[in-house]
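All remarks here apply to the structure that follows.
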């Protein structure tokens, strides 16, 4: 559980770091889209470069659906270890919802 939470917890870092991570993921998805086209494959992404609002909306969805439940589970097991990240995640989600 700890390894999985660490793997997907970039969205719970301070806002500036979390947004930089989000941009890197969007860039990676755009690169995969382009590579799929080059190989003649059907791209699985609807748009190679989402707008900032779309990217933040996707980040909020990912954070709520995948990251938050794991953080809450980890916080129940190790409250002191997870509390800071769970709070950071909640703050980021609220900020991003305002922006998108």
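Numbering (our numbering), first residue to last: 953 to 1052.
All C-beta atoms, glycine included, are put in the ideal place defined by N, C-alpha and C.
From residue 1028 to residue 1008, what does the alpha carbon distance come to, in whole angstroms? 28 angstroms
Element boundaries [alpha helix (DSSP H), containing residue 1018]: Segment: none, residue 1018 is in no alpha helix (DSSP H) and carries neither H nor E.
Which same chain residues, not among the five before or five after residue 988, have their C-beta less than 6 angstroms away from its C-beta? 995
Close Cβ partners of residue 966 (< 8 angstroms) along its chain, the five nearest in sequence each way excluded: 1040
Give the range of the alpha helix (DSSP H) segment to which residue 1044 is assigned. 1031-1051
Terminal residues of the alpha helix (DSSP H) in which residue 988 lies: 967-990
CB-CB length for residue 963 against residue 1011, believed under 8 angstroms: 6 angstroms
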